[in-house]
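Asks: Residue numbers (full-length UniProt numbering): 1 to 310.
The beta carbon of each residue, even a glycine, is placed where N, CA and C say it ideally should be.
Just so we're clear, the structure is a prediction, and the values are computed from it rather than from any experiment.
Pasting a structure below so you can have a look.
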Amino acid sequence: MSVVRNNPGVRFLPNAITVLAMCAGLSAVQFALNKQLEGAITAVGVAAVLDGLDGRIARLLDATTKMGAELDSLSDAMSFGVAPALTLYVWQLQGDRVGWVVSLVFAVCMILRLARFNTLLDDTDQPTFTKEFFVGVPAPAAGLLALLPLVVTAYIGHDGWWSAQPIVMVWIVAIAALAVSRVPTLSLKTVKVPARTVAPLLVLVGLLAAGIVTFPLMSLAIAMVIYLLHIPYAVYRHAWLAKHPEAWEAPPRERRAIRRRTQRRLGLRPPLRRSVAGAARRVRLPRRNGHPEGPSRRSQRRLGLRRSRR
């Protein structure tokens, strides 16, 4: 590995991918200026894909450097903070002073979110389970989510209520707030996939790829909506792990067992099966004076039953 690390070409590759991601993100503004909405969306999407590759390639080749980390943060700020803000401003907010303020708020929030992310990397006092979560919506996801009204407009082919200027402003501010918030979101970097689910997941990946090739805008919009819907589950999972330190290092199967034991301890029982009723009929009641003990008089009166006279 030391030979690979000392090779200048290997160290150059992740940084080159980072620069390409930054160029792709800023190219979205040029597409927006030319009213090429699909080109602007594609440019930010390409930047997100390249941003996911550069870090993984650097770790795989053991070519991580401090310069690469700083360059990656700068690229994210430009590609997912400045570029979406300018794209939305050119598309729908141009000519409005409030629209320019909203664009500035989004860009500043994204830069603050990246600065906080870098400081959390050096914090060694965090519990181990926090590695499975991001604090707030990550920069690539926030940049794409901000473009959702533009994606819907490009897919349908005309403006609607979703592209009205007030709606777009509120949407941009909401996504900016999610980016700088403390809301936990799942990190795909630490997701553990059980062996039995590998094949179904590969099928889903193939279907996703086919959908992106055939219906790229619709697939992107659905993916962003699903991402938003996962946030309540991420909040629940983060809260549960914070209360159960014994599950921090446990694999997924053991975590499910711990969760089931916790539910039993809280008195949450699984639903009774139908066979329980049949089994209850076969239970023999204790006998009194040679006869099965029947229901008491009080229970008979409550049920409206009368004893038969002998």
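Among Val137, Leu120, Ala141, Pro140, whose alpha-carbon lies nearest the alpha-carbon of Lys131?
Replies: Leu120
Asks: Evaluate Trp161 with the Cβ neighbour count: other Cβ atoms within 10 Å of its Cβ, from every protein chain shown; 16 or more gives buried, anything less gives exposed.
Replies: exposed
Asks: Are Asp224 and Leu145 touching if we call contact CB-CB under 7 Å?
Replies: The sequence given here has Met at residue 224, not Asp. Cβ distance < 7 Å, so Met224 and Leu145 count as in contact.
Asks: Are the Cβ atoms of Ala69 and Leu50 separated by less than 7 Å?
Replies: no
Asks: Rounding to the nearest angstrom, what Cα-Cα distance links Ala242 and Thr128 in this structure?
Replies: 10 Å
Asks: Hey, out of Asp54, Met169, Ser163, Phe80, whose CA is closest to Arg97's CA?
Replies: Met169
Asks: What residues are listed by DSSP as bridge partners for Thr185?
Replies: Phe134
Asks: What is the DSSP secondary structure of Asp159, reduced to helix, strand or coil?
Replies: coil
Asks: Quick check on the burial criterion: 16 or more other C-beta atoms within 10 angstroms. Buried or exposed for Pro14?
Replies: By the neighbour-count criterion, in which a residue is buried when 16 or more other Cβ atoms sit within 10 angstroms of its Cβ, Pro14 is buried.
Asks: Does DSSP put Glu38 in a helix, a strand or coil?
Replies: helix
Asks: Tell me which residue opens and which closes the alpha helix (DSSP H) that Met169 is part of.
Replies: 165 to 180
Asks: Under the rule that 16 or more other beta-carbon atoms within 10 Å means buried, what is Gln126, buried or exposed?
Replies: exposed
Asks: With H, G and I counted as helix, E and B as strand and the rest as coil, what does DSSP make of Ala210?
Replies: helix
Asks: Starting from the C-beta of Met78, find all residues in its chain whose C-beta is less than 8 Å away, skip the five residues before and the five after it, and write them out in chain order.
Replies: Met22, Gly25, Leu26
Asks: What does a CB cutoff of less than 6 Å around Ala28 pick up in its chain, not counting 5 residues either side in sequence?
Replies: Ala40, Ala43, Val44, Ala83, Thr87
Asks: Quick check: the Cα distance between Trp100 and Asp159, rounded to an integer number of angstroms?
Replies: 20 Å
Asks: Once you ignore the five residues that flank Ile172 on each side, which residues in its own chain have a CB closer than 6 Å to its CB?
Replies: Val102, Phe106, Ala146
Asks: So the candidates are Gly206, Leu217, Val135; which of them puts its Cα closest to the Cα of Ser181?
Replies: Val135
Asks: Within 10 angstroms of the Cβ of Ala58, are there 16 or more other Cβ atoms? Answer buried if so, exposed if not.
Replies: By the 10 Å Cβ count, Ala58 comes out buried.
Asks: Between Asp76 and Asn118, what straight-line distance do the alpha-carbon atoms span, to the nearest angstrom?
Replies: 12 Å
Asks: Could you have a look at Asp96 and say whether DSSP puts it in helix, strand or coil?
Replies: coil
Asks: Return helix, strand or coil for Phe215, following the three-state DSSP convention.
Replies: coil
Asks: Assuming Leu178 and Ala139 are in contact, meaning their beta carbons sit under 8 Å apart, how far apart are those beta carbons, in whole angstroms?
Replies: About 12 Å separates the two Cβ atoms, so there is no contact after all.
Asks: Below 7 Å between beta carbons: does that hold for Ala195 and Glu38?
Replies: 7 Å or more divides the Cβ of Ala195 from the Cβ of Glu38.
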